[in-house]
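Residue 747 in full-length UniProt numbering is what sits at position 747 of the sequence shown, and the numbering runs on without skipping anything.
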Amino acid sequence: MLEDIESSTQLCKMGFGRNSTSRSGDYLEGMLNDYVGGRNKLKAQKSVATTKFVAALTCLQFFFAVYATFLLYYMGPSIDLRTKPEFTWATKIAQQWKQLMITPHVIGHYQEAASSLIKEDLLPTTPSQVCENEKIDFMQKKSNDVQMIKIKRELYDEVLNFQSKTIGTETLQELMAMKSKWDLKGPKRPKITVLLNHFKRKTLCAQLDSLLQQTLPFHHVWVLSFGSPNEVSLKRIVDTYNDSRISFISSSYDFKYYGRFQMALQTEADLVYVVDDDMIPGRKMLQILSHVAGTDKYKNSVLGSIGRILPFRQKDFTFPSYRKFRSKEAGLYLPDPAYDITVDKIVQVDFLSSSWFLSADLVKTLFIETPFTFSTGEDLHLSYQLQKYKNAGSFVLPVDPKDKETWGDSEHRLAYVSETTVIFKDVVQVRDDQWWKALSTGYVTQWAAMYPQKIDALFYAHSVDEVKVLAPLLEKFRSTVGKKAYIVVSGGNYCPCEDAARALKWPALVCKERRFKIFDLAVEALSGVSDSEAPVIHAVYTSLKGLIKIHNPSLVISVAEIDPHVRKALKMASETNSNGTTFVLLPSSSVSQVLWMADLRSTALPNWNRMRISVNIITQNRVNSLARLLKSLSNAYYLGDEIPITFNMDSKVDEATIRLVGSFEWPHGTKTLRRRIVQGGLIRAVSESWYPSSDDDFGLLLEDDIEVSPYYYLWIKYALMAYHYDPQVSLPELSSISLYTPKLVEVVKERPKWNATEFFKHIHPNTPYLHQLPCSWGAVFFPKHWREFYVYMNMRFTEDAKANPVQIPKSRTNGWQASWKKFLIDMMYLRGYVSLYPNFPQQASFSTNHMEPGAHISAKDNVVKHNKRDFEVPLMKEDFRNFLPAMKMPPAPRLPSLNLFNQPVSLKGLKAAGAKLGQDVLRCDNATEVVAVDKDTGLPHTCSKF
């Protein structure tokens, strides 16, 4: 590079700025080396002083070109997200300066001044001597295909009607009546740089003539010629206009579609108008465009005169090519004279073609991500990036059909030729791949806006190993009738789509077909060789945000072990959905154990994270029993929820227990230790061990001689989701969920043995059931009912059991002395409440009671003998879903219900029995009413009919 600079410096000393023997390289950044200054024509002077002055200006121009190049490629856009993207693909090109330096192919006006000393007499002096006009020897095509006219018109009307109802559409007159920060006169007149990109068409003179007659004057016009065979004639035309605001910029290298936008980054103007050589704007276009761009509604938009609406989904759930013939789903080209479609109201499109009008600051957004291809599609890439990073839309402006000066393409046949002749199969395929890539990485097209999807789960995997972990749950969702689920993979080297498909046992074709199933984010398009995590996080966040907006998943599911930065991006993206998307992190070890998630109703899924289940342990001096309980809790499956644990110790707790509790580590939430000063006894120790902090706070109460199954938490979660958090389920009588299956009829004096599997075999041997008996050997209590229980016990507690006004006929609970459970049984009987119980082979349960000596068992005043075999049950050691009816929880109306004495009674019958007893804290109608309480305080306040 130093050698190139020295060589150019020598040229400066000689007073020349061009090396006729140099050749351009095949790279992007070389264009800036060809940048030249304004076109202020200088008259040749024969004095030596003037020649030196021109040479000095040429040197200054060269150094400015070097400076501008570095400034361009190290410039970072200002974006409104929490992480800043890296322009890695542009940066890498700039880092290769040594190989990219080329000598300007076309000289600027100062350089030209020097050369004109020799050749002035050979140059033309007026545009009429050099201008040529494009010949259009055909009439505008008009379709006579009645079906196609109907299809196109119907789709256009549907789009316009939707946009009218959602974002509002305005006519040209209405747009011009809107308040704008730009004005034709005074200090608020905008500076507009127009970039005219030319290759072969002979339209430059027509464009310049139109621009020079604009009702709002331009600030600068840059005529660009990259790799054009007409470079000499184009330059000659610019020269003859002899306007200081018009500059000619060229290179022998063809920078194709992105070069003109890179040049737009150089402007100091407020607004940029990039125009292809097939557009001849009417004289009022700059005024109209700048006015609309200055309104609050459209200030963050890109405006144009021609656009396209991308394909809609077909009946077979695939998307057609945008070139599919005779297909309504192929989308729209707007305006489309062939089908008499004129844009009379502003319409939002998926991308613009042939011209783009936007604020200079927005141009930077085009270069955030590496394009899918450099060979075509800069129009779509611009609109996609603007929406993704700036929440900006693309709009085709309306026209006045009677006034061609309001048209952006006063000779539409030119642009129509461009649109209708791009039919080469390879080009169409590339463009199809590009727009599908955009849609599958979060581009909200007009189809997506008009037809918002609703799916149950969107899985995200950042590696192939994560795909393998999530595969069983994904497959369960996809195979469950009525459920929809897709998977998003990071792509690139992190998780190649083909490898992910292989891990899912899908054909590699799924990565290419235009059907929603797997989405490849290709995050390396942003990260490149960067060591920073920011581009990866940014790619995940921005793409997921769009996909969530399109598909509205109830859940976004990933593994709990995912990279913390990616986890943050997923969480942020989930929170952007106003329709409610819940972000779920599942521990890898639990994913295969939670397949029942797919059996939950779609309406219940968003409530996955609402519940807060706390573990509350009552302990005193049974350290070995406590150690066994803690071990079983630690070995259970959990689902990434926060689960606080509290140890409630009476005043006589021993040292060994204190040491064990103090050293116990609980990774699932906070650990709290509570110790009484005055001995409270079992009734207070249990009833005061937990109190709900909200309606989503559930308390699991465990005495220390209980042991739990590895599946206990899954049972609780499943039951709560199925019967409490499903909006379509109404089961207000459900007050708790038992982990234990009883083997005796506990409240009858004889305490006969009882087997639920045998009892319900005519329904299903392993159906869960509702029972009026609360469980004290492992149960989760509901917040509303526990508040109610607190108030009830406070009103009814007596030291002498016989003084209690509630006496349930034939129940041995009437004589229970030191039992909190007696008061809960009374309340449940009087008000018709029930508990949900498990029912599995051999009475396997999610908890068991080891019946070890304590405050109740073997107490001095306890005359009842307890046989350990009547209370111990086997713990569930395998996925309980396999035993359930149809391998899922039964619908709530199909749950059988039992009264306190294990007799089948309907829920209404249970209420009737409680009302008939008539011993509640309020007097109600003994035939039709039970006590109703305030759900927030638990205080009884009225009688309610059942």
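Glycine included, C-beta positions come from ideal geometry on N, C-alpha and C.
Two segments are said to touch when three or more pairs of C-beta atoms, one from each, lie closer than 8 Å; by this definition the segment 728 to 741 does not touch the segment 800 to 819.
Note that the segment 278 to 288 does not touch the segment 326 to 341; fewer than 3 beta-carbon pairs, one per stretch, sit closer than 8 Å.
Under the rule that a run must span 3 or more residues, the beta strand (DSSP E) segments found entirely inside the segment 284 to 347 read 302 to 304, 306 to 309 and 332 to 334.
Shown here for K517: same chain residues with a beta carbon closer than 7 Å to its own, the five before and five after excluded, namely Y486 and V510 in chain order. If you draw a straight line from the Cα of A915 to the Cα of C924, it is about 7 Å long.
The straight-line gap separating the alpha-carbon atoms of G408 and L195 is approximately 14 Å. R502 is the residue among R894, P335, R502 and Q453 whose C-alpha sits nearest the C-alpha of D465. The closest CA to that of K911, considering only L397, Y833 and F519, is found on Y833.
P841 sits in a helix when the DSSP states are folded into three classes. Selection Q262, R245 and I613 evaluated against K364 yields Q262 as nearest (Cα-Cα).
Boundaries of the beta strand (DSSP E) around D697: D697 to E703. As DSSP reads the structure, Y460 sits in a beta bridge with V488. The straight-line gap separating the alpha-carbon atoms of L639 and V444 is approximately 32 Å.
Minimum Cα-Cα distance from Y460 among the listed residues K454, Q453, Y691 and A471 corresponds to A471. In this structure, DSSP gives S835 an extended state, which the three-state scheme calls strand.
By the 16-neighbour rule on beta-carbons within 10 angstroms, D936 is exposed. For Y769, the enclosing beta strand (DSSP E) covers residues Y769 to H771. Pairing C775 with Y740, the inter-Cα distance amounts to about 7 Å. The three-state reading of DSSP puts M279 in coil, since its state is none of H, G, I, E or B. Pairing I737 with A719 gives a Cβ-Cβ distance under 8 Å. When DSSP states are grouped into helix, strand and coil, T376 belongs to the coil group.
In this structure, N902 lies away from W666, with their beta-carbon atoms at least 8 Å apart.
In the DSSP assignment, F797 falls outside any beta strand (DSSP E) and carries neither an H nor an E. The segment 548 to 565 makes contact with the segment 580 to 597, as at least three CB pairs between them are under 8 Å. Here DSSP, grouped into helix, strand and coil, assigns A503 to helix.
Considered as a whole, the segment 511 to 576 harbours 524 to 527, 534 to 551 and 564 to 575 as its complete alpha helix (DSSP H) runs of no fewer than 4 residues, in chain order. Selection K761, M611, L382 and D276 evaluated against K200 yields D276 as nearest (Cα-Cα). At least 8 Å separates the beta-carbon of P587 from that of A636. As a beta-bridge residue in DSSP terms, W222 pairs with L195 and S247. Within the segment 644 to 724, the runs of alpha helix (DSSP H) at least 4 residues long that lie entirely inside it are, in chain order, 655 to 663, 681 to 687 and 712 to 723. If you draw a straight line from the Cα of E134 to the Cα of L160, it comes to about 34 Å. Per the C-alpha coordinates, the member of E405, W447, D209 and N242 positioned closest to Q163 is W447. Around the C-beta of T203, 16 or more other C-beta atoms lie within 10 Å, and the residue is accordingly described as buried.
Residue pairing by DSSP places F351 opposite R308 in a beta bridge.
Beyond the five residues adjoining it in sequence on each side, Y790 comes within less than 8 Å, by CB distance, of S687, Y691 and G938 in the same chain, given in chain order. Collapsing the DSSP output to three states places A392 in coil.
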